[in-house]
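First the structure, in the form of structure tokens, and then the observations on it.
Numbering (our numbering), first residue to last: 2 to 168.
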């Protein structure tokens, strides 16, 4: 009887991880070996503040979840201690936070991840981390949209000033 309960509990855990893999906009897999408790606590705090879930999971459990979520290409990075960051809303935040943390702490190693349903390598995760945040992109877009109106207003003002000066 205990075996059936254990198997059911493991299957429920696999189902939860599968759901997280499917629902996440970005998932980043990292090796945290060598980080001390204070460093892991700081990393978890930064991720939690950004609304990102960070878990240490067994590789065998994650392999079953990746098979169920049809992301088996991710299995190649599931070696050694594995921690996974799941982000449901911001695609850039987990890559940026983990990449910045890895630059300060050599012990953290990004292994790969999933971005919008596609398995990606470390290079793509680092490229994603180099992108501006969502707020930064929105402010750039707003600036581009405001430029023509601002330039038109300046041109009208210049014409008005010129007319006033000649009168």
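Glycine residues also receive a C-beta, built at the ideal position from the N, C-alpha and C atoms.
(Q) Quick check: what's the CA-CA separation for residue 84 versus residue 4? (A) Here residue 84 corresponds to residue number 83 of the chain shown, with the count starting at 1. Here residue 4 corresponds to residue number 3 of the chain shown, with the count starting at 1. Near 27 Å, if we compare the C-alpha coordinates of residue 4 and residue 84.
**Q.** Counted within 10 angstroms of its Cβ, other Cβ atoms place residue 113 as buried (16 or more) or exposed
**A.** Residue numbering aside, residue 113 sits at position 112 when the chain shown is read from its first letter. With 16 or more other CB atoms across the displayed protein chains lying within 10 angstroms of its CB, residue 113 is buried.
Q) DSSP state of residue 28, grouped into three classes? A) As a position in the chain shown, residue 28 is number 27, starting the count at 1. DSSP places residue 28 within a strand segment (E or B) once states are collapsed to three.
Q: Take the Cβ of residue 166 as the centre, count every other Cβ of all protein chains shown within 10 Å, and call the residue buried at 16 or more, exposed below.
A: Residue numbering aside, residue 166 sits at position 165 when the chain shown is read from its first letter. The residue is exposed, with fewer than 16 neighbouring Cβ atoms inside 10 Å.
Q) In whole angstroms, what is the alpha-carbon distance linking residue 126 and residue 159? A) Here the question's residue 126 lines up with position 125 in the chain shown. Here the question's residue 159 lines up with position 158 in the chain shown. Whole-angstrom Cα-Cα distance: 48 Å.
Q) From residue 75 to residue 140, what distance separates their C-alpha atoms? A) On the chain shown, position 74 is the one that residue 75 refers to. On the chain shown, position 139 is the one that residue 140 refers to. The alpha-carbon atoms of residue 75 and residue 140 are separated by roughly 34 Å.
Q.
Let me make sure I understand the geometry here. Which of 99, 105 and 143 has the alpha-carbon closest to that of residue 130?
A. Residue mapping note: residue 130 aligns to position 129 of the chain shown, counting from 1. Among 99, 105 and 143, the Cα nearest to that of residue 130 belongs to 99.
(Q) In the DSSP output, what is residue 84 paired with across the bridge? (A) As a first step, residue 84 must be located in the chain shown, where it is residue number 83. 31 and 57, per the DSSP bridge assignment.
Q | DSSP-derived helix/strand/coil call for residue 158 | A | Sequence index remark: in the chain shown, residue 158 carries index 157 (1-based). Under the three-state reduction of DSSP, residue 158 is assigned to helix.
Q: Kindly give me the distance between the Cβ atoms of residue 70 and residue 27, rounded to whole angstroms, as I take these residues to be in contact under 8 Å.
A: The residue given as residue 70 occupies position 69 in the chain shown. The residue given as residue 27 occupies position 26 in the chain shown. Not confirmed; about 14 Å, so no contact.
Q) CA-CA distance, residue 60 and residue 37? A) Numbered from 1 along the chain shown, position 59 holds the residue referred to as residue 60. Numbered from 1 along the chain shown, position 36 holds the residue referred to as residue 37. Going by the C-alpha atoms only, they are around 21 Å apart.
Q.
Using the three-state DSSP reduction, which class does residue 43 fall into: helix, strand or coil?
A. Taking the first residue of the chain shown as 1, we reach residue 43 at position 42. Helix at residue 43.
**Q.** Three-state secondary structure (DSSP) of residue 93
**A.** Counted from its first residue, the chain shown places residue 93 at position 92. Correct three-state label for residue 93: coil.
Q. Using 8 Å as the threshold, is the segment 29 to 46 in touch with the segment 100 to 110, meaning 3 or more CB pairs across them?
A. The segment 29 to 46 vs the segment 100 to 110: in contact.
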